[in-house]
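Number of protein chains: 2
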Amino acid sequence: MPLINRLAIIGVGLIGGSLALALRRQGMVGEVVGIGRGEANLRRGVELGVIDRYSLDPCEGVRGADLIFIATPVCTIAGIIARIAPFLSPGAIVTDGGSVKEEIVAASEPLMPSGTFFVGGHPIAGTEHSGVEAAFADLYENRRCILTPTPQTDPTALALVSRIWEAAGSQVVLMDVHKHDRVLAAISHLPHMVAYSLVNAVGGYDRFDESILRYSAGGFRDFTRIASSDPVMWRDIALMNREALLEMMDFFADSLSHLRRLVAAGESDGLERFFADSKELRDGID
Amino acid sequence: MPLINRLAIIGVGLIGGSLALALRRQGMVGEVVGIGRGEANLRRGVELGVIDRYSLDPCEGVRGADLIFIATPVCTIAGIIARIAPFLSPGAIVTDGGSVKEEIVAASEPLMPSGTFFVGGHPIAGTEHSGVEAAFADLYENRRCILTPTPQTDPTALALVSRIWEAAGSQVVLMDVHKHDRVLAAISHLPHMVAYSLVNAVGGYDRFDESILRYSAGGFRDFTRIASSDPVMWRDIALMNREALLEMMDFFADSLSHLRRLVAAGESDGLERFFADSKELRDGID
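Chains as they are written, first to last, in this note's numbering: chain A, -5 to 280; chain B, -5 to 280.
Have a look at this one:
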């Protein structure tokens, strides 16, 4: 008997679809119901064997599901939970994949009816592709999945959500919401802000009669690839993780100002030390 | 008969060695003399067929050379020209590969004896490897090489240097030194400063009892790869291209401050537009 009789995936794209595929492969789910707004995508999900059937109505789609995974844009998650809450079966566990946790968890926990459970989660995985066509069963293999329990989190629900991510191949890390948002602001949200700003600055440099971006070579292209990410998704992340992101942007701006002072003063030893410290830190994560 | 009877390469590493290999393959050079301070590297250069013979003494090594290519750290180039100037043959052409041009060209031109010629150059190519072992004939294939003639530059010397870079597979772009340094500050030097600062900021974030760098995933690693570059080389570039680099760092800091204000104010439309503008610029260079 599978661990989960009925899994509902709200948002059947790369993230949601890949979890369904990974759990199917492990024989951990009975039926998978896909829920979304784009019927063509859902139909394709059935054809590809990612989901068994679909519903355009989340309230109808979650009926009888043991586990509901919400993999929609961060700003929609709490609203979806508010809508589906009255339709959850007793014992149902809701979890999500949102890359911002403090606001989502704080908004979602009070919405859960008694006898149903919420566990905040964030699988650290992705590719540049999206939609159900991009989903694949190995996406979460050897990745980290951060779960963010609070004092209100049910331990049995947390254990089950941990188990499914482990079954998908991930290492589960527990972290409080506050720390999660700062860690992600630092290692993901800040670099995106920096890349977007850098491309805007270089693209907007107007001392010559041509865009100097045309001279950019491989290094610049690699460094700024993340500035091609979805503007709407990053708008939402920036808005929802505002506090942590501002803290990190200020921390980075201080580091950059310090470096600027070293350059302006022609501080040879200080510059070499700054670059060497950074190289050592960077080499340590490869 | 080859175009160049004797080519002298000062600094037989990735950049110098690869040009020698590319020109040899094209049958454009008679003899190649390697000049450097590390005898083991030069001996290896002979074994690998990159150079025919070597000298540890630049003054001796450049005797009888038609073309001298200096591919040493940026801060050493003008000093080397000062040393070799008295030993250059009549008609000899000296060119370099330094990634900063204004200071090098201004210092070097007055050092050239009458009847010898200097052409500033900068091939936009490289890999993360260094030393003669890393050299390969295709390095410059389909790359840009920027040459930075001044009103003093001899047109015949410029034409010959252009020809050798074209023979190595590069597209030659002529640019004045001032523009070169600003373009390179924008597309290469600034991104390195940003990457070094970002790694230092994230690595130095101390609100938790552990380094949050350990959570960094693929995106952060890709984005910060250039922070593993050689600290001494980047110290020298930062010092030699100080003025242009400071201008670009300020331009970038303004862009980042603007984005910070949008985040702080929760300006949804402004954020989306900022990210979308950047994405459009970035997508345009792929």
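Using N, Cα and C, we set each Cβ at its ideal position, and we do this for glycine too.
In this text the structure is predicted, and so the values were computed from the model without any measurement.
Buried or exposed by the 16-neighbour rule on C-beta atoms within 10 Å, applied to residue i
| i | result |
| --- | --- |
| G85(B) | exposed |
| A131(A) | buried |
| H186(A) | buried |
| A259(B) | exposed |
| R236(A) | buried |
| P117(B) | buried |
| A14(A) | buried |
| E96(A) | buried |
| S222(B) | buried |
| L250(B) | buried |
| R176(B) | buried |
| D244(B) | exposed |
| G92(B) | buried |
| P52(A) | buried |
| A72(A) | buried |
| L178(A) | buried |
| H174(A) | buried |
| A153(A) | exposed |
| S108(A) | exposed |
| P225(B) | buried |
| L50(A) | exposed |
| P104(A) | exposed |
| R18(B) | buried |
Chain-ordered neighbours of residue i on chain A, where CB pairs are closer than 8 Å
| i | result |
| --- | --- |
| W228(B) | L265, F269 |
| G260(B) | L233, R236 |
| C239(B) | Note on identity: in this sequence residue 239(B) is Leu, with Cys being the wrong assignment. Chain A residues near L239(B): V257. |
| P143(B) | Ordered by position in chain A, no residue passes the 8 Å Cβ test against P143(B), which lies about 17 Å from the chain. |
| P149(B) | The premise fails here: P149(B) is roughly 24 Å from chain A at the closest Cβ pair, so nothing lies under 8 Å. |
| P(-4)(B) | Here the premise fails: no neighbours, minimum Cβ distance about 30 Å. |
Any non-hydrogen atom of the ligand NAP within 7 Å of residue i CB
| i | result |
| --- | --- |
| I9(A) | Ligands are entirely absent from the displayed structure, and the ligand NAP is therefore not among its contents. |
Neighbour list for residue i in chain A, Cβ cutoff strictly below 9 Å
| i | result |
| --- | --- |
| R215(B) | R276, I279, D280 |
| M22(B) | What M22(B) touches in chain A: nothing, since even the nearest Cβ is about 25 Å away. |
Closer than 7 Å at the beta carbon, the chain B residues around residue i
| i | result |
| --- | --- |
| M187(A) | L253 |
| R285(A) | Residue 285(A) lies beyond the residue range present for chain A, which begins at -5 and ends at 280; the question has no answer from this structure. |
| G73(A) | Those do not exist, as G73(A) stays about 16 Å from chain B at its closest Cβ, beyond 7 Å. |
| I220(A) | G213, F217 |
| V272(A) | The sequence as given places Ser at residue 272(A); Val does not occur at that position. Under the 7 Å cutoff, chain B gives Y190, V193, N194, A221. |
| P225(A) | E266, F269, A270, K273 |
Contact belief for residue i with residue j at Cβ below 8 Å, rounded distance in angstroms
| i | j | result |
| --- | --- | --- |
| A76(B) | V113(B) | Not quite, the Cβ-Cβ distance comes to about 17 Å (not below 8 Å), so this is no contact. |
| V88(B) | I45(B) | Actually they do not touch by this definition, with Cβ atoms about 18 Å apart. |
| R201(A) | V167(A) | Going by Cβ atoms, the distance from R201(A) to V167(A) rounds to 47 Å, so no, they are not a contact pair. |
| V27(A) | R47(A) | 6 Å |
| S156(B) | L141(B) | 6 Å |
| R65(A) | M106(A) | The question names Arg, yet the displayed sequence has Ala at residue 65(A). At roughly 18 Å, the Cβ-Cβ gap does not stay under 8 Å, so A65(A) and M106(A) are not in contact. |
| L256(A) | F246(A) | About 16 Å; that fails the 8 Å criterion. |
| V68(A) | I231(A) | 6 Å |
Partner residues on chain A for residue i, Cβ-Cβ distance less than 7 Å
| i | result |
| --- | --- |
| F322(B) | This structure leaves residue 322(B) out entirely; chain B is present only between -5 and 280. |
| I118(B) | A211 |
| S12(B) | The contacting residues do not exist; S12(B) stays about 15 Å from chain A at best. |
Contact list for residue i against chain B, beta-carbon separation under 8 Å
| i | result |
| --- | --- |
| S249(A) | S191, L192, N194, A195, G198 |
Per-residue contacts from residue i into chain B (C-beta, under 9 Å)
| i | result |
| --- | --- |
| I206(A) | K173, R176, V177, A180, I181 |
(message) Pairs of beta-carbons, one from the stretch 231 to 249 of chain A and one from the stretch 171 to 186 of chain B, closer than 8 Å: are there three or more?
(response) In short, these stretches do not touch, since the Cβ pair count stays below three.
(request) For the stretch 151 to 181 of chain A, enumerate the residues whose C-beta is nearer than 7 Å to any C-beta of chain B, in chain order. (result) So the close ones are K173, R176, V177, A180, I181.
(request) Mind checking the stretch 50 to 80 of chain B against chain A and listing, in chain order, the residues whose C-beta falls within less than 7 Å of any C-beta there? (result) For the stretch 50 to 80 of chain B, which is checked against every Cβ of chain A, not one residue is closer than 7 Å.
(message) With three or more beta-carbon pairs closer than 8 Å as the criterion, would you say the stretch 209 to 216 of chain A touches the stretch 268 to 278 of chain A?
(response) Counting Cβ pairs under 8 Å, fewer than three are found: no touch.
(request) Would you check if there are 3 or more beta carbon pairs closer than 8 Å linking the stretch 42 to 59 of chain A to the stretch -4 to 3 of chain A? (result) By the Cβ criterion, the stretch 42 to 59 of chain A is in contact with the stretch -4 to 3 of chain A, since at least three pairs of Cβ atoms, one from each stretch, lie closer than 8 Å.
(message) Under 9 Å, CB to CB, which of the residues in the stretch 86 to 111 of chain B have a partner in chain A?
(response) For the stretch 86 to 111 of chain B, the set of positions with a beta-carbon nearer than 9 Å to some beta-carbon of chain A is empty.
(request) Note down, in chain order, all residues in the stretch 121 to 135 of chain B with a beta-carbon under 7 Å from any beta-carbon belonging to chain D. (result) Protein chains in the displayed structure are A and B, and chain D is not among them.
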